[in-house]
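Residue numbers (the numbering used here), protein chains in the order written: chain A, 1 to 231; chain B, 232 to 462.
Structure, as structure tokens:
2 protein chains.
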Amino acid sequence: MTETCISNNCAECNKRLDLFRSLTDAQLEKLNESRFEVKFGAGETLLKQGGPLTHIACLTSGLVKIHIENQGGNNFIMSVVRPMTLIIGPGFLRDNRHHYTVTALAESTACFIPVEPFKKVLEVNSEFALDMISFLNKKIIRHYQNIGNLAHKHMQGKLAEALIYLADDVFKAEKFKSHLSRQDMAELTGMTKESVIRVLKEWKEEGIVDSRSDYFEILKKESLMRIGRNG
Amino acid sequence: MTETCISNNCAECNKRLDLFRSLTDAQLEKLNESRFEVKFGAGETLLKQGGPLTHIACLTSGLVKIHIENQGGNNFIMSVVRPMTLIIGPGFLRDNRHHYTVTALAESTACFIPVEPFKKVLEVNSEFALDMISFLNKKIIRHYQNIGNLAHKHMQGKLAEALIYLADDVFKAEKFKSHLSRQDMAELTGMTKESVIRVLKEWKEEGIVDSRSDYFEILKKESLMRIGRNG
DNA sequence: CATAAATAATGACATATATCAATCAGAAAT
DNA sequence: ATTTCTGATTGATATATGTCATTATTTATG
Chain A
1 MTETCISNNC AECNKRLDLF RSLTDAQLEK LNESRFEVKF GAGETLLKQG
51 GPLTHIACLT SGLVKIHIEN QGGNNFIMSV VRPMTLIIGP GFLRDNRHHY
101 TVTALAESTA CFIPVEPFKK VLEVNSEFAL DMISFLNKKI IRHYQNIGNL
151 AHKHMQGKLA EALIYLADDV FKAEKFKSHL SRQDMAELTG MTKESVIRVL
201 KEWKEEGIVD SRSDYFEILK KESLMRIGRN G
Chain B
232 MTETCISNNC AECNKRLDLF RSLTDAQLEK LNESRFEVKF GAGETLLKQG
282 GPLTHIACLT SGLVKIHIEN QGGNNFIMSV VRPMTLIIGP GFLRDNRHHY
332 TVTALAESTA CFIPVEPFKK VLEVNSEFAL DMISFLNKKI IRHYQNIGNL
382 AHKHMQGKLA EALIYLADDV FKAEKFKSHL SRQDMAELTG MTKESVIRVL
432 KEWKEEGIVD SRSDYFEILK KESLMRIGRN G
């Protein structure tokens, strides 16, 4: 472990990343050599859209949102990311710029690895390269969901899909503390915060979803899934 | 050339694909061995969402749309694809299903290559694998545009972005015959066909875009880009 | 050429959702 | 405990866009 490391998660983080399962010890070591960890407070920016993509990041603790910023301050939250997830933007092997911003939702730590050694390892380990392609394809499938939701669904459908995404893919529980404000929920769904509030109120009255600030509990999963499906 | 080949494009198509630039002759031959070509009429389906992803496709002539189908018949057109483009969906190395449908907009021919030899070549040629990652990242960047447009832009902004996409990325000209119906334009932008018609009429009166059925001519590119940017 | 069919265009109307302004509640600070 | 501040909530209103019905235009067909 290098002395730049802050948390004891860090030494192990590469080994625990599923995407790195095919790496040899020597290859892991190559990545670890130049790795360092940084701590972020809630609201702080880990990576900035438009900025240079010099490192890949791995969240080791906390919670972050990945969002694209439009002109006019209109954000869209692409995903909410928990620890042990690799963050590598589509600028990699393209323009080497960030195409999204990553912001901490809670106090978080992230491990940074320069792209060069990462690229070198991809070049010599084809199994890893295929895993990387699979990893990107998974992200693309998720984008299709986003696009399908935004293109034609009504508020209820979009919010239902967002809550199911948080429950199933992010927090893996029916009750969770999201660390997301109403404004964040709006940016996750492409609605306004007022509309989020109104739909949430409606569902609380109907006993479908209970919510208090950033805490959510899905009470009638089936109903919510039906609302999501039917738009 | 195998005897299943119909057009003389086919024998050369792999060599002309930019993505295949790093392949050796032997690797190209490996892909060519099991390659075959199929002809499609306008409106016919090349690949069906949900169906098995057994082959990758390369459009050799014509024009196709790649679209995702929602329950309730709500489509969204992700991209319009011209010849010499590889079509490989995100089900590759994941669930081996198609996550979108590909439909011919005009009479088209496509070359099909089984995924297995393709995967084998990826395994032995790391430069090719990196090119593949770059190719996927390019698609992801395009998805971000789609998402940004759908999340917060008004009709004029969305339609402007769509026309600029067609002019710059697909047809590479300010005048083009799109082969897209008003319904297709609606599905490309997440609007209704009536709204597309109304905005197009408005722009014809203002001299920004001229249009007759599936023919478009962008007259004031600057204005259109401003509309697209400001939403 | 005449007819049918499909697609495009128009207009009237409904409604979902954004916008704006005001109030409320809980957290943080003094 | 009191004040301050931020975010949540509510309500009134405006408006963008969808829906539906009708007519026009183009394309296909016998």
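Built from N, CA and C at the ideal position, the CB exists for glycine as well.
For clarity, every value in this text was computed on a predicted model and none was experimentally measured.
In this structure, the CA atom of D25/A is about 35 angstroms from the CA atom of A167/A. Ranked by how close their Cα comes to the Cα of K30/A, the residues E44/A, L19/A, K120/A, D95/A have K120/A in first place.
For N301/B, DSSP assigns no beta-bridge partner whatsoever. Taking a contact as a CB-CB distance under 8 angstroms, the pair E338/B and G293/B counts as one, their CB atoms being some 5 angstroms apart. Within the model, the alpha-carbon separation for K201/A versus Y100/A is close to 31 angstroms. Contiguous alpha helix (DSSP H) elements confined to the stretch 119–163 of chain A occur at 126–152, taking only those with 4 or more residues. Relative to the Cα of L284/B, the nearest Cα in the group N305/B, E425/B, F323/B, I297/B belongs to F323/B.
It is roughly 19 angstroms from the alpha-carbon of A360/B to the alpha-carbon of I87/A.
DSSP, read as helix, strand or coil, puts S253/B in coil.
Taking CB atoms only, N263/B has no neighbour in chain A less than 9 angstroms away.
Every alpha helix (DSSP H) stretch that sits fully inside the stretch 404–437 of chain B and reaches 4 residues is listed by chain position as 413–420, 424–436. Within the same chain, and ignoring the five residues on either side of T103/A in sequence, the residues whose Cβ sits closer than 6 angstroms to its Cβ are T45, K65. Looking at E222/A, V196/A, L224/A, the one whose alpha-carbon comes closest to that of R212/A is V196/A. When the Cα atoms are used, T189/A and E69/A turn out to be separated by approximately 14 angstroms.
Any Cβ of chain A closer than 9 angstroms to the Cβ of G421/B would place that residue at the interface, and such an atom is present.
Excluding its 5 nearest sequence neighbours in each direction, A162/A has C-beta neighbours in its own chain below 6 angstroms: L188, T189, listed in chain order. Counting only the Cα atoms, L180/A lies some 6 angstroms from D214/A. Assigned with DSSP and collapsed to three states, D95/A falls in coil, not helix or strand. Just measuring C-alpha positions, the residue of F251/B, R313/B, F349/B sitting nearest S265/B is F349/B. Annotation for V430/B: M386, Q387, L390 place their beta carbon closer than 7 angstroms to its own, counting only its chain and skipping 5 residues before and after. Taking L278/B as the centre and dropping the five residues before and after it, the same chain places the C-beta of H329, V333 closer than 6 angstroms to its C-beta, in chain order. Bounds of any alpha helix (DSSP H) do not take in L294/B, whose DSSP letter is neither H nor E.
With 16 or more other Cβ atoms from the protein chains shown falling within 10 Å of its own Cβ, A186/A counts as buried. With respect to the 9 angstroms criterion, I147/A and M309/B are classified as neighbours on the basis of their beta carbons. A residue is called buried once 16 or more other Cβ atoms fall within 10 Å of its Cβ, and K369/B, having fewer, is exposed. Taking C-beta atoms under 8 angstroms as the contact rule, N125/A and Q27/A qualify, at a distance of about 6 angstroms. Contact residues of the stretch 126–141 of chain A toward chain B are S126, A129, L130, M132, I133, S134, L136, N137, K138, K139, I140, I141 (C-beta to C-beta distance below 7 angstroms). With a cutoff of 9 angstroms on beta-carbon distance, F171/A and R82/A are scored as near each other. N306/B is bridged by DSSP to E300/B.
Taken through DSSP and simplified to helix, strand or coil, A273/B comes out as coil. Contact check for T340/B and E268/B: beta-carbon distance about 6 angstroms, within the 8 angstroms limit, so the pair qualifies. Excluding the 5 residues flanking it on each side, G459/B has same chain C-beta neighbours closer than 7 angstroms at G388, A391, E392, I395, in chain order. For E453/B, the enclosing alpha helix (DSSP H) begins and ends at 452–461. Around the beta carbon of K384/B, 16 or more other beta carbons lie within 10 angstroms, which makes this residue buried. Exclusion of the five residues before and after F112/A leaves F36, H55, A57 as the residues of its chain whose Cβ lies within less than 6 angstroms of its Cβ. Straight-line measurement puts the Cα of D184/A at about 12 angstroms from the Cα of E194/A.
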